[in-house]
Amino acid sequence: MKLILITTPTYFVEEDKIITTLFDEGLDILHLRKPDTAPVYAER
């Protein structure tokens, strides 16, 4: 079974740190749901 997370459409404080921790703890897939964000801000 894979663990998948879908983000909220808006950013929140320390979201990047939380997502990094989730990947470190075994998160398999992240659906980055930021429809109004420029692609440059959604790249790794």
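Numbering (my numbering), first residue to last: 15 to 58.
All C-beta atoms, glycine included, are put in the ideal place defined by N, C-alpha and C.
Treat the numbers as computed from the prediction; the structure is a model and nothing was measured.
| Asked | Found |
| --- | --- |
| State the start and end residues of the unbroken beta strand (DSSP E) segment that holds L19. | I18 to I20 |
| Going straight from the alpha carbon of V27 to that of K48, what length do you get? | 15 Å |
| Rounded to a whole number of angstroms, what is the C-alpha to C-alpha distance between G40 and M15? | 11 Å |
| Between the Cα of L17 and those of D42, D50 and L36, spot the shortest distance and give me the residue it belongs to. | D42 |
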